[in-house]
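4 protein chains.
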Amino acid sequence: MSEERARGGPRQASAIFAATLELLAERGYDGLTIESIASRSGVNKTTIYRWWPAKDAVLAAALVHSDLLAFAMPDTGSLRGDLLALARAITQLLTAEQTAPIVATVLAAAPRRPELAAVARTFFAERLSREQPMFQRAIARGELQTTADPAMIMDLLAGAIWFRILLRDQPVSPDYLSGAVDLVLQGAAAAH
Amino acid sequence: MSEERARGGPRQASAIFAATLELLAERGYDGLTIESIASRSGVNKTTIYRWWPAKDAVLAAALVHSDLLAFAMPDTGSLRGDLLALARAITQLLTAEQTAPIVATVLAAAPRRPELAAVARTFFAERLSREQPMFQRAIARGELQTTADPAMIMDLLAGAIWFRILLRDQPVSPDYLSGAVDLVLQGAAAAH
Amino acid sequence: MSEERARGGPRQASAIFAATLELLAERGYDGLTIESIASRSGVNKTTIYRWWPAKDAVLAAALVHSDLLAFAMPDTGSLRGDLLALARAITQLLTAEQTAPIVATVLAAAPRRPELAAVARTFFAERLSREQPMFQRAIARGELQTTADPAMIMDLLAGAIWFRILLRDQPVSPDYLSGAVDLVLQGAAAAH
Amino acid sequence: MSEERARGGPRQASAIFAATLELLAERGYDGLTIESIASRSGVNKTTIYRWWPAKDAVLAAALVHSDLLAFAMPDTGSLRGDLLALARAITQLLTAEQTAPIVATVLAAAPRRPELAAVARTFFAERLSREQPMFQRAIARGELQTTADPAMIMDLLAGAIWFRILLRDQPVSPDYLSGAVDLVLQGAAAAH
DNA sequence: CGATAAACGAGACGGTACGTCGCGTCTTGGT
DNA sequence: ACCAAGACGCGACGTACCGTCTCGTTTATCG
Chain B
1 MSEERARGGP RQASAIFAAT LELLAERGYD GLTIESIASR SGVNKTTIYR
51 WWPAKDAVLA AALVHSDLLA FAMPDTGSLR GDLLALARAI TQLLTAEQTA
101 PIVATVLAAA PRRPELAAVA RTFFAERLSR EQPMFQRAIA RGELQTTADP
151 AMIMDLLAGA IWFRILLRDQ PVSPDYLSGA VDLVLQGAAA AH
Chain X
193 MSEERARGGP RQASAIFAAT LELLAERGYD GLTIESIASR SGVNKTTIYR
243 WWPAKDAVLA AALVHSDLLA FAMPDTGSLR GDLLALARAI TQLLTAEQTA
293 PIVATVLAAA PRRPELAAVA RTFFAERLSR EQPMFQRAIA RGELQTTADP
343 AMIMDLLAGA IWFRILLRDQ PVSPDYLSGA VDLVLQGAAA AH
Chain S
385 MSEERARGGP RQASAIFAAT LELLAERGYD GLTIESIASR SGVNKTTIYR
435 WWPAKDAVLA AALVHSDLLA FAMPDTGSLR GDLLALARAI TQLLTAEQTA
485 PIVATVLAAA PRRPELAAVA RTFFAERLSR EQPMFQRAIA RGELQTTADP
535 AMIMDLLAGA IWFRILLRDQ PVSPDYLSGA VDLVLQGAAA AH
Chain R
577 MSEERARGGP RQASAIFAAT LELLAERGYD GLTIESIASR SGVNKTTIYR
627 WWPAKDAVLA AALVHSDLLA FAMPDTGSLR GDLLALARAI TQLLTAEQTA
677 PIVATVLAAA PRRPELAAVA RTFFAERLSR EQPMFQRAIA RGELQTTADP
727 AMIMDLLAGA IWFRILLRDQ PVSPDYLSGA VDLVLQGAAA AH
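Chains as they are written, first to last, in our numbering: chain B, 1 to 192; chain X, 193 to 384; chain S, 385 to 576; chain R, 577 to 768.
What follows is the structure in structure tokens.
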């Protein structure tokens, strides 16, 4: 029952994925070439093409296979604490030296790259679904109205962080984060 | 005293810029090549390289030169109306057939491309400064507290729209927009 | 055991060589470009660069591969006859419609082009060594002194023809050839 | 009566010619570009094109204008001495550091470059005519038969040297030169 | 255990685009 | 009238990866 190789991948899939993410971090999306992945992972170019149609697909597979997209769902006892923890995790993802280039790259390529777009979409959808319990706990605690829209709350919070870091290129301070969380929470608390 | 050509650009700059944006919309960022710009604009490749070092620079110049980044600052009489108008304009920009491919592609590519990042940064900074009167009017009307942070409000609103359309790939309905505006406004209205 | 392709050359080497010599004859040395060779031979430019670093190398290989540099060593029974045959062959090479443009161009370019110079040097060295039997037969027949220097004799004879055709641009008549052969032979016959 | 500028040339012709020959010696024929001549001579590219159609023409004019092609006709008192002096001068021209690259270059380009070919042809023709007195003196002294062909003698001698240096890439020793002169002289002396 | 099919290594190839160089033409403006 | 300055179209350069394609050589699974 050697499960070492999943269906639909080459024998050295792990080496390929590792090389892919290394190179992506080192040289950026454009510096990431199939040939460099092949060379770095000690695999022949043909082998990669046998399994994936293009470098985006390799990258998508590498991301899914990696734990870069994994994140712990917080449970601090209060919605404010949970949202703050999430906001900090997002900020971390977008600024940490190892993850920032990868995440920026994937999002940049996503709009025109179905594979990467699918990864992003799936990631965010799954994330939202995993956030549901957090909001249900908050409702149970009376911290949130039943009518509140968790997706919108996360859009506002996560969007502000993404927007500020990637597009406005402005720092995201702890104060900014707590201010944004407060604003959104108070806004959601107000009756419709 | 024909001042027809600004300093630092080729004679057919306009044709080059037009071709650049057309091709960007048609083929996406990676499909946009210097040779295709040259061919489409009826200009020689060499001429483009004489003036810009890389395609990002051409693209940045084309964006600055275009009116895509122009936008009217609303003045509806209420902050809610103004923010809603802005939110609609942003949504429009990101979804309209002519602008969406260009804007989405540029914004997506910006984090990895210094020139494009600079354009985005400048654009958003200028935009924010032009939004100041809108917030000052709201404060004068008593719709907003003096302590409110306009930048954060715009980050939340614009970020949510951008995030939802480009990353989560979800529709942005009029109800969603007004809901988001309300949430943010009520959140900002609550005391700190 | 198909030995069809010699080591160190592309699969369509012959087509490339043929195109190279054709184009050299048609357009001269400077008009001979890698791109034109690629186009004419139906091979991609990249393929040529994969195997040769520059056009001189292609040209050198084409020359070596061709039979332009092949020549039959005469054996007419007398040194005078042999030298006359050689002189005629050289003249022919430098004036015949098919060979003249190629040979003249190559010889002219040789001094400035290491690869071509090497081809010329090798060719003339090999040629001289193949001429040795001719001179030995002449010595055996008593037509030539043992002290005579075959290399000098050939330098004088070949040099005169080459000089006259390529540099002085003057015709080389049969009378001129036999006159030159006679002069050299009689000079060589005289005691030192 | 300022004759400083000949008809059909720009004001800075001398600077252009000097730059041309310098660059030719420094960088070879291919490294000699119109743009580099213009830059070195402090003249605009346009000016050069106004007067000469291509770099060959500039080079031809520069050579004619220079004294590189000048040579003194020897008069040593004997034909053998005169020929030896000529042979040494030719060898010098082909091997001296300053002249060798220029001469090799011109001859290399000549076959396909009418301007340069004309320069070469003119040079050799004029040279031969200036050699006539040398042969007439020899005939007057009884060193040479009336029937001897001076052109052929010079073809053999000069051709051997050119051939040996440029094509066979072999050294030309003093012994070689005197041997060649002796051989040719004795051959010419023998009756037809 | 040995056949056989999948996976792989090696690398030549056609192709697109890159960014650069020098050519020769042209226009403009200044002596 | 001549020239400096320099933009321009053009052709070729040599390079980098792309994705495709044989062609043998492992592997590893199964009869």
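We put the CB at the ideal spot given by N, CA and C, even for glycine. Quantities reported herein were computed from a predicted structural model and do not represent experimental measurements.
Reduced DSSP secondary structure (H/G/I, E/B, other) of residue i
| i | result |
| --- | --- |
| R:Gly-657 | helix |
| X:Gln-204 | coil |
| B:Arg-168 | coil |
| S:Pro-458 | coil |
| S:Val-565 | helix |
| X:Ala-382 | coil |
| B:Glu-97 | coil |
| S:Gln-529 | coil |
| R:Thr-667 | helix |
| R:Gly-607 | helix |
| R:Leu-644 | coil |
Own chain, CB closer than 8 Å to residue i, minus 5 neighbours either side, in chain order
| i | result |
| --- | --- |
| S:Thr-530 | Ile-523 |
| X:Leu-375 | none |
| B:Arg-27 | Ser-36 |
| X:Leu-224 | Thr-212, Leu-215, Leu-216, Lys-247, Leu-251 |
| X:Gly-371 | none |
Minimum C-alpha distance to residue i - residue among the options
| i | options | result |
| --- | --- | --- |
| X:Arg-203 | X:Gln-284, X:Ile-240, X:Ala-300, X:Thr-225 | X:Ile-240 |
| S:Phe-455 | S:Phe-507, S:Ser-420, S:Gly-415, S:Leu-567 | S:Phe-507 |
| B:Ser-14 | B:Leu-177, B:Asp-56, B:Ile-37 | B:Ile-37 |
| B:Val-43 | B:Leu-63, B:Phe-17, B:Leu-68, B:Arg-27 | B:Phe-17 |
| B:Leu-128 | B:Met-154, B:Ala-109, B:Glu-143 | B:Met-154 |
| R:Ala-636 | R:Val-695, R:Ile-678, R:Leu-670, R:Gln-746 | R:Val-695 |
| S:Leu-405 | S:Ser-450, S:Arg-472, S:Gln-570 | S:Ser-450 |
| X:Tyr-221 | B:Ala-19, B:Ala-109, B:Arg-121, B:Asp-149 | B:Ala-109 |
| X:Val-256 | X:Arg-313, X:Pro-342, X:Ser-231 | X:Arg-313 |
| S:Val-556 | S:Ala-473, S:Met-457, S:Leu-407 | S:Ala-473 |
| S:Leu-550 | R:Pro-690, R:Asp-751, R:Gly-607 | R:Pro-690 |
| B:Asp-75 | B:Ile-102, B:Arg-130, B:Gln-170 | B:Arg-130 |
Contact set between residue i and chain X, taken where Cβ atoms lie within less than 8 Å
| i | result |
| --- | --- |
| B:Asp-152 | Reading off the sequence shown, one finds Met at residue 152 of chain B, where the question assumed Asp. Ala-352, Tyr-368, Gly-371, Ala-372, Leu-375, listed in chain order. |
| B:Phe-124 | Leu-359, Arg-360 |
| B:Ala-117 | Asp-361 |
Enclosing alpha helix (DSSP H) for residue i [first to last residue]
| i | result |
| --- | --- |
| B:Val-64 | 55-65 |
| X:Val-298 | 292-301 |
| R:Gly-735 | 726-738 |
| S:Glu-515 | 498-525 |
| S:Thr-436 | The sequence given here has Trp at residue 436 of chain S, not Thr. Looking at the DSSP string, S:Trp-436 is not in any alpha helix (DSSP H), and its letter there is neither H nor E. |
| R:Ser-772 | In the structure displayed, chain R extends from 577 to 768; residue 772 of chain R sits before or after that span and is not available. |
Contact set between residue i and chain S, taken where Cβ atoms lie within less than 7 Å
| i | result |
| --- | --- |
| R:Arg-717 | Under the 7 Å cutoff, chain S gives no residues; its nearest Cβ is about 19 Å from R:Arg-717. |
| R:Pro-687 | Ala-488, Thr-489, Ala-492, Leu-550 |
Chain X contact residues for residue i, given Cβ-Cβ distances below 7 Å
| i | result |
| --- | --- |
| B:Asp-155 | Ala-352, Phe-355, Arg-356 |
| B:Ala-138 | In chain order: nothing, as chain X lies at least about 15 Å away. |
Neighbourhood of residue i by C-beta distance below 6 Å, restricted to the same chain and skipping five residues each side
| i | result |
| --- | --- |
| B:Trp-162 | none |
| X:Ala-350 | Ile-282 |
| B:Leu-156 | Val-184 |
Where residue i meets chain R, residues with beta-carbon distance less than 9 Å
| i | result |
| --- | --- |
| S:Arg-505 | Leu-743, Arg-744, Asp-745, Gln-746 |
Within chain S, the residues that residue i reaches when beta carbons sit closer than 8 Å
| i | result |
| --- | --- |
| R:Tyr-625 | Neighbours of R:Tyr-625 on chain S: none; closest Cβ ~19 Å, over 8 Å. |
| R:Gly-769 | Since the first residue of chain R shown is 577 and the last is 768, residue 769 of chain R is not available in this structure. |
Cut-off 7 Å between Cβ atoms - residues of its own chain near residue i, not counting five sequence neighbours on either side
| i | result |
| --- | --- |
| X:Leu-336 | Leu-271, Phe-327, Ala-330, Ala-380 |
| R:Thr-675 | Leu-644, Leu-669 |
| S:Leu-500 | Asp-440, Leu-443, Ala-444, Val-490, Ala-493, Ala-494 |
Contact set between residue i and chain R, taken where Cβ atoms lie within less than 7 Å
| i | result |
| --- | --- |
| S:Gly-412 | Arg-688 |
Chain-ordered neighbours of residue i on chain B, where CB pairs are closer than 8 Å
| i | result |
| --- | --- |
| X:Asp-341 | Gly-179 |
Any non-hydrogen atom of the ligand SAH within 7 Å of residue i CB
| i | result |
| --- | --- |
| X:Ser-228 | The ligand SAH is not part of this structure, which contains no ligands at all. |
Chain-ordered neighbours of residue i on chain X, where CB pairs are closer than 9 Å
| i | result |
| --- | --- |
| B:Ala-195 | Within the shown structure, residues of chain B are numbered from 1 to 192, placing residue 195 of chain B beyond reach of any answer. |
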